[in-house]
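So the sequence lines, in the order shown, correspond to chains A and B. Here the first sequence is numbered in the numbering used here, starting from 19 and rising by one per residue. Here the second sequence is numbered in the numbering used here, starting from 261 and rising by one per residue. Think of the CB as a built atom: it goes at the ideal place given N, C-alpha and C, for glycine as much as any other residue.
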Amino acid sequence: MIIKRRVFTLSRRTLCALATALPATTVAAPFDAARLRNPDVAIDRAFERVGYGQLHFRVAAPRDSAAITRRPVVCFHQTPNSSQVFIEFMAELAIDRRVFAVDTPGLGESDLLQPAPEITDYATAMHQFLVAQQLEEVDVVGYHTGANIAATLGNLAPDRVRGLLLVGLALFNETEREAFIEKPWPRRRQSDGGHLLPEWQSSHRWRGPGQSDESVARTFIEKLSAGNTAWWPARAVMRHDLATELEALTVPTVAVNAGDDLEAITPRVVTVRPDIELITIADAGFGLFETRAAELATLARRVFDDA
Amino acid sequence: MKIYRGYEQVSFGQVHYRQCGESEAPVLMLVHQAPSNSAMYESVMQQMAKTARLVAPDIPGAGMSDPVIGPMTIDALASGLAEFLDRMAIHSIRLFGHHMGASVVAQLAASHPDRVAALCLSGPPLLTDELRAALPGMAEPFEYAAGGEHLRQYWARMRDKDPTAPLSIVERETINALQLGNRYRDFYTAVANHDLADVLPHIRCPTVVFAADDDPLQPFVDRTVALLPDARSVAFGPGRTYLCDRNPERVAEVLASIC
Numbered sequence: 019m020i021i022k023r024r025v026f027t028l029s030r031r032t033l034c035a036l037a038t039a040l041p042a043t044t045v046a047a048p049f050d051a052a053r054l055r056n057p058d059v060a061i062d063r064a065f066e067r068v069g070y071g072q073l074h075f076r077v078a079a080p081r082d083s084a085a086i087t088r089r090p091v092v093c094f095h096q097t098p099n100s101s102q103v104f105i106e107f108m109a110e111l112a113i114d115r116r117v118f119a120v121d122t123p124g125l126g127e128s129d130l131l132q133p134a135p136e137i138t139d140y141a142t143a144m145h146q147f148l149v150a151q152q153l154e155e156v157d158v159v160g161y162h163t164g165a166n167i168a169a170t171l172g173n174l175a176p177d178r179v180r181g182l183l184l185v186g187l188a189l190f191n192e193t194e195r196e197a198f199i200e201k202p203w204p205r206r207r208q209s210d211g212g213h214l215l216p217e218w219q220s221s222h223r224w225r226g227p228g229q230s231d232e233s234v235a236r237t238f239i240e241k242l243s244a245g246n247t248a249w250w251p252a253r254a255v256m257r258h259d260l261a262t263e264l265e266a267l268t269v270p271t272v273a274v275n276a277g278d279d280l281e282a283i284t285p286r287v288v289t290v291r292p293d294i295e296l297i298t299i300a301d302a303g304f305g306l307f308e309t310r311a312a313e314l315a316t317l318a319r320r321v322f323d324d325a
Numbered sequence: 261m262k263i264y265r266g267y268e269q270v271s272f273g274q275v276h277y278r279q280c281g282e283s284e285a286p287v288l289m290l291v292h293q294a295p296s297n298s299a300m301y302e303s304v305m306q307q308m309a310k311t312a313r314l315v316a317p318d319i320p321g322a323g324m325s326d327p328v329i330g331p332m333t334i335d336a337l338a339s340g341l342a343e344f345l346d347r348m349a350i351h352s353i354r355l356f357g358h359h360m361g362a363s364v365v366a367q368l369a370a371s372h373p374d375r376v377a378a379l380c381l382s383g384p385p386l387l388t389d390e391l392r393a394a395l396p397g398m399a400e401p402f403e404y405a406a407g408g409e410h411l412r413q414y415w416a417r418m419r420d421k422d423p424t425a426p427l428s429i430v431e432r433e434t435i436n437a438l439q440l441g442n443r444y445r446d447f448y449t450a451v452a453n454h455d456l457a458d459v460l461p462h463i464r465c466p467t468v469v470f471a472a473d474d475d476p477l478q479p480f481v482d483r484t485v486a487l488l489p490d491a492r493s494v495a496f497g498p499g500r501t502y503l504c505d506r507n508p509e510r511v512a513e514v515l516a517s518i519c
């Protein structure tokens with residue numbers, strides 16, 4: 019269930035519609051349609067050319083275009099994964115709006131951005147995406163790395179970004195940054211495939227409540243598919259001053275603590291920006307956009323539509 | 261030269277493809293093996309970008325393409341790609357297929373003789389009855405194991421195809437096999453159930469047939485040529501199943517003869 023910890027500038031309407039977790043998919047990646055539970059929503063994949071190359075994205079929308087009455091939402095995912103993490107959430111939210119989810123450069127099917135980018139470079143590419151798609155006003159969901167990108171985009175294009183929902187904030191201190199940089203990732207390939215096992219076990223160790231085998235496997239495949247540069251967006255996060263970015267935001271923003279590996283880190287937002295509402299989703303963990311899709315869509319509606 | 265990627269909307273969903281080359285040049289469509297996808301052709305595409313307009317789709321159900329509706333047969337996959345070509349407004353085409361891709365393009369050439377100008381088959385799966393029976397078992401999915409032991413099994417299966425292949429290729433194919441899950445076996449079943457011997461005599465266009473020296477399907481090249489009305493074989497040279505990654509120059513050389 020959702021526990022409201024702090025409420026400030028945004029609506030105080032009580033959250034409702036606490037839906038149960040969606041049933042897990044039994045279909046192998048990546049067929050989006052098989053994961054949709056809402057026949058009134060369609061989801062497509064596409065590419066957009068931006069300055070550095072091609073960005074891959076998914077877009078969900080009501081089959082009846084007359085049902086589109088709200089601003090579009092754009093979602094940025096965590097590292098190392100892709101827009102696939104949002105499919106169930108997109109299906110829930112897209113009943114009255116278009117919902118985009120873009121693969122971070124170098125992850126999913128988006129072209130690699132070289133040399134190793136900073137968060138500003140990722141945000142610039144996403145801004146170019148908004149321009150190319152003629153998205154004049156959007157709400158943005160950012161998840162982990164995606165939250166860094168979303169916050170930076172909010173400062174880069176405050177005229178386009180009307181609301182931010184940031185899930186998991188990487189407000190690391192210096193010790194935590196150094197610990198990450200010293201950790202070898204990814205592992206060197208071994209001739210017997212033994213290097214895959216620790217990666218797999220890591221994916222399982224961080225499995226969220228209710229997250230299916232297939233969902234964990236998809237996460238693992240995304241991590242592996244991105245190859246030796248899969249860690250680049252995480253590197254960028256570690257070099258990014260998220261606190262300063264958050265301090266500069268003028269866009270209405272809500273933060274979410276999802277009870278994952280940023281559980282102890284995310285609440286630091288309270289000291290950085292006391293006016294940002296922090297919501298804790300209990301017992302969520304990784305995979306929450308799949309296992310708690312309806313609940314998150316309800317939250318997004320409350321944040322974006324009432325702002 | 262930059263390889264661009266895209267999707268084409270078809271009746272069963274979306275077909276994902278890679279494309280590069282001269283827009284006015286003859287179109288050559290490259291169709292991949294299982295459990296691969298169009299990424300296996302990136303090196304060949306780079307080699308041939310000045311010779312042809314190259315289009316490499318992910319077969320329906322592989323890579324980022326949606327699966328066909330109904331039973332997955334070679335005929336259904338070929339029909340799916342024919343629809344893809346219609347949507348791309350590509351009417352006259354040259355075709356290349358490797359292993360399962362060879363079955364698909366052979367079926368496409370036989371079903372659409374008016375639009376296929378030339379054909380090239382690498383490792384055509386003109387299987388014996390014994391191999392037909394055994395083929396689906398070679399792609400049987402391994403059970404998920406919390407400790408990840410199944411990953412070693414997939415890895416070993418992909419590495420056995422070419423024990424000298426760079427580990428990056430083995431890893432890519434392992435990922436592809438994991439992604440396909442049961443569909444990997446379904447693709448092999450489709451190949452096993454496809455009567456290639458019955459299809460080949462209906463192909464009217466000039467056809468080049470080859471297999472790398474150590475390709476397990478090399479023994480079927482001569483019989484394939486014998487069944488085709490207008491075909492010749494080419495000696496490819498050393499190689500195994502990952503020849504398009506490992507020797508793209510030679511593949512491009514052979515393909516230039518049909519462009």
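Residue i - DSSP class collapsed to helix/strand/coil
i	result
Arg-63/A	strand
Gln-146/A	helix
Pro-216/A	helix
Ile-137/A	helix
Pro-461/B	helix
Ile-353/B	strand
Asp-157/A	strand
Val-304/B	helix
Thr-271/A	strand
Ser-371/B	helix
Thr-316/A	helix
Leu-289/B	Note on identity: in this sequence residue 289/B is Met, with Leu being the wrong assignment. Met-289/B falls in the strand class under three-state DSSP.
Ser-325/B	coil
Gln-576/B	This structure gives no information on residue 576/B, because the portion of chain B shown stretches from 261 to 519.
Gly-266/B	strand
Proximity winner among the options, relative to residue i (alpha-carbon distances)
i	options	result
Pro-479/B	Thr-388/B, Ser-363/B, Leu-341/B	Thr-388/B
Gln-293/B	Asp-318/B, Glu-282/B, Phe-272/B, Met-308/B	Asp-318/B
Arg-412/B	Pro-216/A, Leu-314/A, Ala-282/A, Arg-320/A	Pro-216/A
Trp-249/A	His-222/A, Thr-142/A, Pro-98/A	Pro-98/A
Leu-503/B	Asp-422/B, Thr-467/B, Asn-442/B	Asp-422/B
Phe-94/A	Pro-133/A, Ala-143/A, Pro-176/A, Tyr-70/A	Ala-143/A
Met-159/A	Phe-118/A, Pro-133/A, Leu-153/A	The residue you asked about is not Met; residue 159/A is Val in the sequence shown. It is Phe-118/A.
Glu-295/A	Pro-251/A, Ile-199/A, Ile-239/A, Arg-286/A	Arg-286/A
Residue i at chain A interface by Cβ criterion, 8 Å
i	result
Glu-343/B	no
Met-324/B	yes
Glu-284/B	no
Pro-295/B	no
Gln-279/B	no
Tyr-267/B	yes
Pro-396/B	no
Asp-420/B	no
Ala-406/B	yes
Ile-329/B	no
Ile-319/B	no
Tyr-264/B	yes
Gly-340/B	no
Cutoff 8 Å: residue i Cβ touching any chain B Cβ
i	result
Trp-218/A	yes
Gln-132/A	no
Glu-328/A	Nothing about residue 328/A can be read from this structure; chain A reaches only from 19 to 325.
Ile-137/A	no
Arg-55/A	no
Gly-305/A	no
Arg-207/A	yes
Phe-322/A	no
Glu-127/A	yes
Leu-73/A	no
Beta-carbon separation (whole angstroms), residue i vs residue j, contact threshold 8 Å
i	j	result
Arg-63/A	Ile-105/A	Between Ile-105/A and Arg-63/A the Cβ distance is about 10 Å, and since that is not below 8 Å, they are no contact.
Arg-88/A	Asp-114/A	5 Å
Gly-186/A	Thr-122/A	Not quite, the Cβ-Cβ distance comes to about 15 Å (not below 8 Å), so this is no contact.
Phe-496/B	Ala-457/B	Between Ala-457/B and Phe-496/B the Cβ distance is about 22 Å, and since that is not below 8 Å, they are no contact.
beta-carbon residue i near the ligand FAD non-hydrogen atom, thresh 7 Å
i	result
Gly-323/B	No copy of the ligand FAD appears in this structure; indeed no ligand is present at all.
Cutoff 8 Å: residue i Cβ touching any chain D Cβ
i	result
Arg-63/A	The structure shown has no chain D; the protein chains it does contain are A and B.
query = Would you call the stretch 221-230 of chain A and the stretch 203-212 of chain A touching, i.e. three or more CB-CB distances under 8 Å?
reply = no
ask   = Would you call the stretch 347-359 of chain B and the stretch 320-335 of chain B in contact, with 3 or more CB pairs under 8 Å?
value = no
task = Tell me, please, whether the stretch 449-469 of chain B touches the stretch 376-395 of chain B by the rule of three or more beta-carbon pairs shorter than 8 Å.
result = yes
key: contact_flag[the stretch 266-278 of chain A, the stretch 262-278 of chain B] where n(CB pairs < 8 Å) is 3 or more   = no
inquiry  = I'd like to know if the stretch 187-200 of chain A and the stretch 275-292 of chain A are in contact, where contact means that at least 3 CB-CB pairs between them fall below 8 Å.
reply    = yes
The stretch 161-175 of chain A in contact with the stretch 130-143 of chain A per 3-pair CB rule at 8 Å = yes
query = Just checking, does the stretch 306-316 of chain B make contact with the stretch 424-442 of chain B on the three C-beta pairs under 8 Å criterion?
reply = no
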